[in-house]
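Worksheet: the structure to be examined is printed underneath.
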Ligand SMILES: [Zn+2]
């Protein structure tokens with residue numbers, strides 16, 4: 297017997313606190329064989345399973361997705377799904393999402409899509425959803441999908457194995473491995489930034505490691521913890537635990553136990569590296585003997601959806617330079633500014649080019665800096681677009697046409713860097729350092745800068761998230777963490 301499984305989804309983490317709107321050009325669209333190529337593990341199942349590609353869209357984190365783009369993707373996705381449903385009996389759906397997509401005018405975009413998938417395929421088809429642990433699991437998403445799982449590492453080094461697990465769980469169900477399956481969810485009123493919940497340090501490390509043991513228990517087939525996404529103002533943004541297993545009571549009990557374990561260690565989650573105010577971070581970097589010394593501009597991390605154009609740290613360094621020249625070579629990687637790129641590329645000279653740099657997207661965090669710069673290097677990149685390195689005194693700045701994160705050595709080399717140690721101080725737009733940078737850094741501090749993805753959650757003007765929520769609200773009563781339970785098969 298051959299089974300039919302459709303595959304598709306949409307993957308973006310998008311913050312509601314930036315003015316940047318994510319549109320068509322921010323997404324990489326995959327269709328047909330290009331989509332299936334993104335799942336190399338399917339090959340082992342092809343004898344028995346027929347995989348039908350729908351459409352997938354994937355973008356780097358950004359601002360709210362335009363309704364126009366979402367509608368376009370949704371219409372194509374559902375049209376293809378309806379066509380597939382008419383032509384074949386659809387046994388399974390692999391719904392591949394991030395889970396923290398904000399769309400103009402929507403509070404729970406992925407939950408809505410999952411609900412619509414269920415309406416189209418009906419109750420008998422098994423839907424398996426694969427997610428990022430920074431996504432959110434609303435009741436609608438949980439109710440609409442039979443199997444649901446997410447990454448177990450941050451930084452996410454298990455993206456492929458998570459998709460593989462979601463597919464294997466689906467295939468096991470279709471092949472009749474289980475007589476019955478239940479899933480249980482506990483919503484946990486905790487919302488922490490990724491900079492406090494890396495799985496490379498405690499307590500995140502042991503908490504996520506414990507999922508392997510839970511899954512080795514007789515009746516549990518999958519266990520997942522979602523940290524949730526702090527930079528969207530929606531009721532669904534909080535942590536959640538979901539377990540799936542064969543015995544209703546045991547699944548409920550194990551889910552509640554895990555939720556309680558997470559709740560009880562909530563106060564142990566601290567920043568995974570040293571932090572300081574903007575002013576202190578700059579001064580610590582200047583006085584450090586370590587080279588290269590990295591500063592993370594955490595409030596404008598494009599990896600969490602930041603606009604990537606805020607110049608707060610640059611301003612700080614330039615202000616100090618005005619009074620007494622900093623005797624250090626400093627690199628800023630990077631500032632997204634299409635207008636500045638146009639000025640640079642249209643300029644007849646590379647010396648003393650007048651630019652107005654940064655803060656064009658998120659104007660509430662600063663204003664463009666009017667400066668004269670020398671253009672050192674021009675280059676282009678598939679994602680970053682046209683790029684340039686500009687220089688003022690001892691400060692070098694990479695400017696990009698599109699939003700981009702300098703998170704790998706490869707990206708820096710493309711920008712002309714020979715070695716990280718060519719610079720004394722390197723300012724990057726991220727939170728915790730990505731592996732290449734972490735390896736290179738001799739010193740590092742996370743600057744708690746203002747921005748759309750500020751680490752200071754207590755000062756974010758939320759209107760719609762569910763309260764109380766730890767640590768925004770300092771409440772300390774023991775919670776009744778009761779699981780919601782659903783029958784999957
Ligand atoms: Zn993530």
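Numbering (this note's numbering), first residue to last: 297 to 785. No residue lacks a Cβ here, since even glycine has one placed at the ideal position from N, Cα and C.
Annotated as proximal: residue 445 and residue 465, with beta-carbon spacing under 9 Å.
Rounded to the nearest angstrom, the Cβ distance from residue 716 to residue 598 is 20 Å, too far for a contact under 8 Å. Taking the Cα positions, residue 630 is about 8 Å away from residue 723. Along the length of the stretch 366-415, whole beta strand (DSSP E) runs at least 3 residues long occupy 388-393, reported in chain order. Look at which beta carbons fall closer than 5 Å to any heavy atom of ligand 1; those residues are 428, 430. In the three-state scheme derived from DSSP, where H, G and I count as helix and E and B as strand, residue 538 is classed as strand. In this structure, 704 is the residue among 747, 704, 745 with its C-alpha nearest to the C-alpha of residue 730.
Under DSSP, residue 519 forms a beta bridge with 539. Take residue 690, set aside five residues on each side of it, and the residues of its chain with a beta-carbon closer than 8 Å to its own are 617, 621, 622, 623, 624, 625, 626, in chain order. Per DSSP, the unbroken beta strand (DSSP E) holding residue 349 starts and ends at 345-355.
Bounds of any alpha helix (DSSP H) do not take in residue 592; it lies within the beta strand (DSSP E) bounded by 589-593. Ranked by how close their Cα comes to the Cα of residue 391, the residues 382, 377, 400 have 377 in first place.
DSSP, read as helix, strand or coil, puts residue 511 in helix.
With a beta-carbon spacing of about 6 Å, residue 777 and residue 556 fall inside the 8 Å limit used to define contacts. Bounds of the beta strand (DSSP E) holding residue 723 are 721-724.
9 Å or more divides the Cβ of residue 303 from the Cβ of residue 353. Note on geometry: alpha-carbon atoms of residue 544 and residue 394 lie some 28 Å from one another. In the three-state scheme derived from DSSP, where H, G and I count as helix and E and B as strand, residue 527 is classed as coil. Within a 10 Å sphere around the beta-carbon of residue 502 sit fewer than 16 other beta-carbons, which makes this residue exposed. Looking at the backbone, the Cα of residue 430 and that of residue 399 are separated by about 17 Å. When secondary structure is reduced to three states using DSSP, residue 424 falls in the strand class. For the pair residue 574 and residue 741, the Cα-to-Cα distance works out to about 10 Å. Less than 9 Å divides the Cβ of residue 547 from the Cβ of residue 781. In this structure, residue 424 and residue 443 form a Cβ contact; the two beta carbons are roughly 4 Å apart against a cut-off of 8 Å.
Residue 491 counts as buried, since no fewer than 16 other beta carbons sit within 10 angstroms of its beta carbon. Cβ-Cβ distances below 6 Å link residue 596 to 602, 606, 725, 747 in the same chain, with the five nearest sequence neighbours on each side left out; the list follows chain order. Residue environment analysis places residue 750 among the buried positions, since at least 16 neighbouring C-beta atoms fall within 10 angstroms of its C-beta. Between the alpha carbons of residue 524 and residue 662 lies a distance of about 29 Å.
Where residue 615 is concerned, the enclosing alpha helix (DSSP H) starts and stops at 608-619. Three or more beta-carbon pairs separated by less than 8 Å are not found between the stretch 379-387 and the stretch 512-521, which leaves the two stretches without contact. In the three-state DSSP reduction, residue 309 falls in the strand class (E or B).
Distance from residue 405 to residue 397 at the Cβ level is roughly 5 Å; contact confirmed, criterion being Cβ atoms closer than 8 Å. Contact annotation: residue 765 and residue 487 have beta-carbon atoms nearer than 9 Å. In the DSSP assignment, residue 677 falls within the beta strand (DSSP E) that extends over 665-677. Pairing residue 550 with residue 481 gives a Cβ-Cβ distance that is not under 9 Å.
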